[in-house]
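Numbering (mature numbering (1 follows the signal peptide of the UniProt record, and there is no 0)), first residue to last: -20 to -1, 1 to 267.
Right, dumping it as structure tokens:
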């Protein structure tokens, strides 16, 4: 065996060991409430990365709720037509990522604005199933209103087993029906981590590894996130590939506040998770 081959094998083993050590989720289940229909389109990439990370970590069965388009009142900065497009794009991001990565066949992805009652009821079911040994971790990847509406419909004694993970006051303070303080008043546990935009909203070229990847599942994720960059509704995504909300899921996968999760996990960690998975789980070629 030559020196180059030996080095490559050692690096591969180290990479797999590092990833294995990082998968240390706390007990309980996870729910994601995202927007994506607001003028900020980063939830497209965030959704694709979130689902792929959960699958790569072998934790897809612990995702018990996923809803998008939770901005319940249209912002004047987005037209009626563009708003409609965003709903469809978010649904596509959910459905196609789930189908191509697999493992989410029993999960329904809800449009919170267009399916408000069904969305709230589904989240209520997840809250009601919570216990001390099986808490619910809600990822606040958008406005807090759906979370508040579900908490209002569920027994107060269940709220002690609900933990809401947040990383940005722009989400906390954007509710049309609930303030962040009102969410806290339900008696849930606030789990706050640093702004995930710092390490996961990066120059577009830094994600070229995904754009040019040999595995189509990773190229798919890049394509979904790229839509946000070429969207002409806002300018602050120009030149950026953004999956910042997925940082909260990465934090949960790696331990959250129970097992010292990665509060500032970046692109390299995401890349390691996804590449290890596709390397160990190659797609079967169709005949």
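The C-beta atom is built at its ideal place from N, Cα and C for all residues, glycine as well.
Using the rule of at least 16 other Cβ atoms within 10 Å of the residue's Cβ for burial, across every protein chain shown, is residue 264 buried or exposed? Result: exposed.
Nearest to residue 158 (by Cα), restricted to the options 141, 51 and 203: Taking only the C-alpha atoms, the option nearest residue 158 is 51.
Is the beta carbon of residue 224 less than 7 Å from the beta carbon of residue 181? Taking C-beta atoms as the reference points, residue 224 and residue 181 count as a pair closer than 7 Å.
Quick one: Cα of residue -4 to Cα of residue 234, how far? At residue -4, the pLDDT of 40 sits below 50, so the modelled position is not reliable; the number obtained from the coordinates is stated separately. Answer to the nearest angstrom: the Cα atoms are 14 Å apart.
Residue interval of the alpha helix (DSSP H) (run including residue 209): Taken as a continuous stretch (DSSP letters only), the alpha helix (DSSP H) holding residue 209 covers 196 to 210.
What did DSSP end up calling residue 47 once you bin it into helix, strand or coil? Correct three-state label for residue 47: strand.
Under 7 Å, do residue 67 and residue 101 count as touching if we go by C-beta distance? Against a cut-off of 7 Å, the Cβ pair of residue 101 and residue 67 comes out as no contact.
Suppose you measure from the CA of residue 243 to the CA of residue 28; what does that come to, to the nearest Å? The alpha-carbon separation between residue 243 and residue 28 amounts to approximately 20 Å.
Does the stretch 207 to 216 come within contact of the stretch 190 to 197, defined as at least 3 CB pairs closer than 8 Å? When Cβ pairs closer than 8 Å are counted between the two stretches, the stretch 207 to 216 is seen not to touch the stretch 190 to 197, the count staying below three.
Could you check if residue 79 is buried or exposed, using at least 16 other CB atoms within 10 Å of its CB as the buried criterion? By the Cβ neighbour-count rule, residue 79 is exposed, with fewer than 16 other Cβ atoms within 10 Å of its own.
Tell me, please, whether the stretch 129 to 142 touches the stretch 107 to 117 by the rule of three or more beta-carbon pairs shorter than 8 Å. These segments touch.
Our contact map puts residue 24 next to residue 205 with C-beta atoms below 8 Å; I'd like the distance itself, whole angstroms only. Right, their Cβ atoms sit about 6 Å apart.
Leaving out five residues on either side along the sequence, give the residues of the same chain with a beta carbon under 7 Å from the beta carbon of residue 162. The residues are 128.
Judging by CA-CA distance, which residue of 148, 83 and 43 is the nearest neighbour of residue 9? Sorting 148, 83 and 43 by C-alpha distance to the C-alpha of residue 9 places 43 at the top.
Pick helix, strand or coil for residue 257, following the three-state DSSP scheme. Taken through DSSP and simplified to helix, strand or coil, residue 257 comes out as helix.
Who are the Cβ neighbours of residue 148 in its own chain at under 6 Å, not counting the five residues just before and after it? Beyond the five residues adjoining it in sequence on each side, residue 148 comes within less than 6 Å, by CB distance, of 175 in the same chain, given in chain order.
For residue 40, count neighbouring Cβ atoms within 10 angstroms of its own Cβ and tell me buried if that reaches 16, exposed if not. Label assigned to residue 40: buried.
For residue 1, name the three-state secondary structure that DSSP assigns. With a pLDDT of 48 at residue 1, under the threshold of 50, the modelled position of this residue cannot be trusted, and the question is left open.
Between which two residues does the beta strand (DSSP E) carrying residue 116 extend? 116 to 121 is the span of the beta strand (DSSP E), which, as asked, contains residue 116.
Could you pull the start and end residues of the beta strand (DSSP E) that residue 90 belongs to? Residues 89 to 91.
Length of the line joining the Cα atoms of residue 65 and residue 248: If you take the alpha carbons of residue 65 and residue 248, they lie about 31 Å apart.
Fully enclosed by the stretch 149 to 180, which beta strand (DSSP E) runs are 3 residues long or longer? Correct list: 169 to 172.
I'd like to check one pair, residue 13 with residue 122: are the Cβ atoms closer than 7 Å? Yes.
For the beta strand (DSSP E) that residue 220 lies in, which residues bound it at each end? Annotation: the continuous beta strand (DSSP E) that includes residue 220 extends over 220 to 222.
C-beta atoms of residue 116 and residue 166 nearer than 7 Å: Using a Cβ distance threshold of 7 Å, residue 116 and residue 166 do not count as a contacting pair.
What do you get for residue 250, buried or exposed, if any count of 16 or more other CB atoms within 10 angstroms of its CB means buried? Burial is judged here by how many other beta carbons sit within 10 angstroms of a residue's own beta carbon; residue 250 has at least 16 and is buried.
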